[in-house]
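*Asks:* I'd like to ask some things about the structure below.
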Amino acid sequence: MTDTAARPTAARWGTDDERGALNLLDPETVLAATRACKTGVVYNLGLPVQRDGVPVFDYRGAPQRLTLTGAGEEGAFREYGGADDLGANEDTLVIPAHNGTHMDALSHVYAEGKMYNGFEAKTFTARAGAAHCGIEKTGGFAARAVMLDLPGHQGVDWLPPGTNITGDDLEACRAAQGVEIRKGDIVLVRTGWLDLFASLGPGEPAPFEQPGVGMSTVPFFDDHDVAAVGADNAAIECIPFDDNKFLAVHIALLVNRGVTLVEHLVLSKMAADRCHEALFVAAPLLVTGASGCPVNPIAIG
1078 MTDTAARPTA
1088 ARWGTDDERG
1098 ALNLLDPETV
1108 LAATRACKTG
1118 VVYNLGLPVQ
1128 RDGVPVFDYR
1138 GAPQRLTLTG
1148 AGEEGAFREY
1158 GGADDLGANE
1168 DTLVIPAHNG
1178 THMDALSHVY
1188 AEGKMYNGFE
1198 AKTFTARAGA
1208 AHCGIEKTGG
1218 FAARAVMLDL
1228 PGHQGVDWLP
1238 PGTNITGDDL
1248 EACRAAQGVE
1258 IRKGDIVLVR
1268 TGWLDLFASL
1278 GPGEPAPFEQ
1288 PGVGMSTVPF
1298 FDDHDVAAVG
1308 ADNAAIECIP
1318 FDDNKFLAVH
1328 IALLVNRGVT
1338 LVEHLVLSKM
1348 AADRCHEALF
1358 VAAPLLVTGA
1368 SGCPVNPIAI
1378 G
């Protein structure tokens, strides 16, 4: 397996590249990904956008749906020629970019003052956001997905909080499921975290610790040359962070390799159906300069 240390990325896709490993998804690879569909079952992998009942980091704030127009405002559209009993319900949404099910842009994390491909962290400003590697540069993508169901493989409902998933764990699960991981795939890691969260009683706090991948999985992703990694937890990686190094896996994958990350994916229905291979489609809002975006990815089994 390859070394987990930072590896050069600029030479692979050029010094101006802002999409990273998603460059692996050429038309031929995407067309091949459509052949993963066997049942036609469509899985919504996004959490509902709501204030309560979903995991939220307090400092980010819960999403809010505010009413812009609605019932009880008779005559609101009179100036447009509408009758008093005719109207339209409209909303304003306030959604933190990194709460709920979301995709990280390559500008999300920086280390030693650098983002992916050596772009300076200081080019991200309060007014304009990301001058480089914003979510609009990531854009939507389609890929073959391989879902590795760690709890299913181990015969448990969910992995214990704080579990550090290793590269050997992923390989054992892959082998047991009998699925191949190909260049340009997205690997979806099910830890069972969202199932644990759903099991909590009213007012019962969620554990701070979460199961997730550790640094030993980086060679696994390298060897398979994946385009992206997703998981059903908050950070892809385990919490506490591997070897107590803050965002170590984010730095290794997102910053050093340009591997897009998709977090808080709802994978339990795919697991229940033993759907380990699917076509995966994700399309973030093209918010200029944003470091990430809520998404509702679709998997077609």
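Per this note's numbering, residue 1078 is the first one in the sequence shown, and the count goes up by one each step. Just so you know, even glycine gets a beta-carbon here, dropped at the ideal spot from N, CA and C.
(1) Count the other C-beta atoms from every protein chain shown that fall within 10 angstroms of the C-beta of Thr1111, then say buried if there are 16 or more, exposed otherwise.
(2) Just to confirm my understanding: we take Ile1242, look at its own chain, exclude 5 residues before and 5 after, and list those with CB closer than 8 Å. What are they?
(3) Once you ignore the five residues that flank Met1078 on each side, which residues in its own chain have a CB closer than 8 Å to its CB?
(4) I'd like the list of long-range same chain contacts for Gly1366, defined as Cβ closer than 7 Å, with 5 residues on each side in sequence excluded.
(5) Taking contact to mean at least 3 C-beta pairs separated by less than 8 Å, is the region 1346-1365 in contact with the region 1216-1225?
(6) Buried or exposed: where does Ala1275 fall if 16 or more other Cβ atoms within 10 Å of its Cβ makes it buried?
(7) Helix, strand or coil: which one does DSSP assign to Arg1137?
(8) Using 8 Å for Cβ pairs, my map puts His1341 next to Met1224. What's the rounded Cβ distance?
(9) Can you tell me where the beta strand (DSSP E) with Leu1338 in it begins and where it stops?
(10) Mind listing, in chain order, the continuous alpha helix (DSSP H) runs of no fewer than 4 residues lying wholly within the region 1119-1205?
(11) What are the boundary residues of the alpha helix (DSSP H) that includes Glu1213?
(12) Along the beta strand (DSSP E) that carries Arg1221, what are the first and last residues, could you check?
(13) For Leu1273, which of Val1233, Tyr1136, Ala1174 has the nearest alpha-carbon?
(14) Should Pro1284 be labelled buried (16 or more other beta-carbon atoms within 10 Å of its own) or exposed?
(15) Measure the C-alpha to C-alpha separation of Leu1277 and Ala1312 and round it to an integer number of angstroms.
(16) Would you call the region 1322-1341 in contact with the region 1177-1188, where contact means no fewer than 3 C-beta pairs closer than 8 Å?
(17) Between Lys1214 and the rest of its own chain, which residues show a CB-CB distance below 7 Å, the 5 nearest in sequence each way excluded?
(18) Strictly by DSSP, which residues pair up with Asn1241?
(19) Pro1173 and Gly1138 look like a contact to me (Cβ under 8 Å); what is the Cβ gap, rounded to whole Å?
(20) Starting from the N-terminal side, write out each stretch of the beta strand (DSSP E) that is 3 residues or longer and does not extend beyond the region 1252-1291.
(21) Which word fits Phe1134, buried or exposed, when buried means at least 16 other C-beta atoms lie within 10 angstroms of its C-beta?
(22) Is Tyr1120 buried or exposed, if buried means 16 or more other CB atoms sit within 10 Å of its CB?
(23) I need the DSSP call for Pro1296, collapsed to helix, strand or coil.
(24) From the DSSP output, read off the bridge partner residues of Ala1308.
(25) How big is the Cα-Cα spacing for Ala1160 and Thr1169?
*Replies:* Answer, in terms of the structure:
(1) exposed
(2) Leu1227, Leu1236, Val1266, Thr1268, Pro1288, Gly1289, Val1290, Gly1291, Thr1294, Cys1315
(3) Low confidence applies to Met1078: its pLDDT is 39, below 50, so where it sits in the model is not reliable, and the reading given next is rough at best. Gly1244, Pro1296, Phe1297, Asp1299, Asp1300.
(4) Ala1205, Gly1206, Ala1207, Gly1211
(5) yes
(6) exposed
(7) coil
(8) Not quite, the Cβ-Cβ distance comes to about 15 Å (not below 8 Å), so this is no contact.
(9) 1337-1340
(10) none
(11) 1212-1215
(12) 1218-1226
(13) Val1233
(14) exposed
(15) 20 Å
(16) yes
(17) Glu1095, Arg1096
(18) Gly1289
(19) 6 Å
(20) 1263-1267
(21) exposed
(22) buried
(23) helix
(24) Val1266
(25) 24 Å
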